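The block underneath contains the structure these notes are about, expressed in structure tokens.
There are 2 protein chains.
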Amino acid sequence: MRQITVLLAAVVALAGVIACMAPASGQADEGAAPIFVKEIPPGYRDWRLISVAHEEGNLNDIRAILGNDAAIAAYREGKLPFPDGTIIARIAWSYVPSEENNKVFGRRQSFVPGSPPDWYLQFMVKDSKKYAATGGWGFAQFNKDGKPADEAKLKTCFPCHEPVKARDFVFTRYAP
Amino acid sequence: MRQITVLLAAVVALAGVIACMAPASGQADEGAAPIFVKEIPPGYRDWRLISVAHEEGNLNDIRAILGNDAAIAAYREGKLPFPDGTIIARIAWSYVPSEENNKVFGRRQSFVPGSPPDWYLQFMVKDSKKYAATGGWGFAQFNKDGKPADEAKLKTCFPCHEPVKARDFVFTRYAP
Chain A
1 MRQITVLLAA VVALAGVIAC MAPASGQADE GAAPIFVKEI PPGYRDWRLI SVAHEEGNLN
61 DIRAILGNDA AIAAYREGKL PFPDGTIIAR IAWSYVPSEE NNKVFGRRQS FVPGSPPDWY
121 LQFMVKDSKK YAATGGWGFA QFNKDGKPAD EAKLKTCFPC HEPVKARDFV FTRYAP
Chain B
177 MRQITVLLAA VVALAGVIAC MAPASGQADE GAAPIFVKEI PPGYRDWRLI SVAHEEGNLN
237 DIRAILGNDA AIAAYREGKL PFPDGTIIAR IAWSYVPSEE NNKVFGRRQS FVPGSPPDWY
297 LQFMVKDSKK YAATGGWGFA QFNKDGKPAD EAKLKTCFPC HEPVKARDFV FTRYAP
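Just so you know, the sequences run in chain order A and B. All the letters of the first sequence, read from the start, carry residue numbers 1 to 176 under our numbering. All the letters of the second sequence, read from the start, carry residue numbers 177 to 352 under our numbering.
Rendered as structure tokens:
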């Protein structure tokens with residue numbers, strides 16, 4: 001019994017060491033693999049509005065971009081780069097006509113959020129040290145079950161944002 | 177000197193009585209003229225998001241609908257009617273293609289807020305006694321100078337909202 005206890009303790013200790021090592025694996029080298037955000041920042045749905053947009057094409061969504069306090073403050077001050085601690089959330093819904101509104105308006109004019117697409121939730125989290133490999137931003141995408149996208153998908157985020165380097169890699173402008 | 181003082185006091189008192197009477201002028205009668213909201217509720221730009229929409233046609237805008245705490249709570253609880261104290265804000269911007277985004281995406285797909293239209297800001301304020309003539313809601317519209325729309329314009333709000341009586345006269349549904 002005692003030997004099993006000692007063995008179990010050793011296994012637990014080893015697992016603990018490995019778990020603590022894994023997140024740090026990308027930090028020491030400049031050429032290390034990028035690190036992505038794997039957990040949904042809590043409370044994002046209560047954050048304030050940065051802007052809205054409609055994307056046609058493959059996406060065909062209507063979206064809101066929300067920001068935590070650091071994001072909103074930075075936008076309103078007009079200061080770049082965004083400070084560490086900034087988090088920007090993008091929530092997307094499918095872009096659908098509102099039949100009930102159109103009945104009232106008497107014409108087909110009203111487009112509103114429908115059900116969310118599979119990968120409806122994205123974030124950019126600023127930590128210039130931790131996410132140095134991707135411009136200081138940790139990219140994240142989650143599906144309707146709260147599951148994070150795999151790294152193959154997340155690796156496509158930063159290359160698309162690189163052309164906006166002059167605005168600290170953020171496409172969205174503040175809508176006052 | 178004493179007579180002038182007495183006269184001034186009487187004038188001030190009379191002005192005070194008139195000022196207190198004017199807002200109440202529509203409350204006593206059921207058939208009274210509707211009352212509209214003439215001041216922008218403070219802090220509305222910091223309220224939380226209810227939903228987004230795009231309106232084609234004459235409006236051609238993209239919009240965000242924000243709500244104060246009472247509005248957000250009522251939406252999330254799914255309870256109707258909205259309680260007194262609910263305020264819903266609609267901010268509209270012109271609907272414009274984003275040339276800078278489209279350059280990056282390689283196609284014309286991105287539509288974002290442009291400059292606001294003249295009457296960009298609307299509110300619905302719930303007070304079932306004060307605004308009884310218009311379903312319990314005080315309607316409001318403001319232009320870019322913060323000036324309220326005239327009553328001729330505001331009188332068109334409620335008749336358009338009447339068809340949504342079953343949802344307490346509110347078109348917008350909550351986007352989770």
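In this text, a Cβ means the ideal position worked out from N, Cα and C, and glycines have one as well. Please read these numbers as outputs of a predicted model, since none were measured by experiment.
Counting only unbroken stretches of 4 or more residues, the alpha helix (DSSP H) elements lying wholly within the segment 200–278 of chain B are 245–253, in sequence order. Listed along the chain, the chain A residues whose CB falls inside 7 Å of the CB of B:Ile238 are Val52 and His54. Going by beta carbons, B:Asp344 and B:Phe212 fall outside the 9 Å limit.
Residue state for B:Phe299 is assigned as strand, using DSSP reduced to three classes. Under the three-state reduction of DSSP, A:Phe171 is assigned to coil, being neither helix nor strand.
Going by DSSP, A:Ala140 is part of no alpha helix (DSSP H) but of the beta strand (DSSP E) stretching over Trp137 to Phe142. Taking 9 Å as the CB threshold, A:Arg90 stays off the interface with chain B. Against A:Leu66, the close residues of chain B are Leu225, in the order they occur along the chain (beta-carbon pairs closer than 7 Å). Residues of chain B whose Cβ lies closer than 8 Å to the Cβ of A:Ala140 do not exist, since the nearest Cβ in that chain is about 19 Å away.
Cβ-Cβ separation between A:Pro34 and A:Ala152: approximately 12 Å, too far for a contact (criterion under 8 Å). Inter-segment contact for the segment 298–316 of chain B and the segment 211–229 of chain B is present: three or more beta-carbon pairs are separated by less than 8 Å. Residues of chain A with a Cβ closer than 7 Å to the Cβ of B:Trp313 do not exist, since the nearest Cβ in that chain sits about 16 Å away. By the C-beta density criterion, B:Ser227 is buried, having at least 16 other C-beta atoms within 10 angstroms. In the DSSP annotation of this structure, the continuous segment of the beta strand (DSSP E) that includes B:Pro289 starts and ends at Ser286 to Pro289. The beta carbon of B:Val272 is closer than 6 Å to those of Gly290 in its chain, skipping five residues each way along the sequence. If you check the CB distance, A:Ala53 and B:Ser270 do not come in under 9 Å.
For B:Gly233, the chain A residues whose Cβ falls inside 7 Å of its Cβ are Arg107 and Gln109, in order along the chain. Cβ-Cβ distances below 6 Å link B:Ala351 to Ser227 in the same chain, with the five nearest sequence neighbours on each side left out; the list follows chain order.
Annotation: Cβ neighbours of B:Asn277 in chain A (cutoff 7 Å, chain order): Phe171. In terms of Cβ geometry, B:Ala268 and B:Ile238 form a close pair [threshold 9 Å]. The three-state reading of DSSP puts B:Pro352 in coil, since its state is none of H, G, I, E or B. B:Pro339 is not a Cβ neighbour of B:Leu330, given a cutoff of 9 Å.
When DSSP reads this structure, A:Pro116 sits in no beta bridge, so it has no partner.
For B:Ala328, the enclosing alpha helix (DSSP H) covers residues Glu327 to Leu330.
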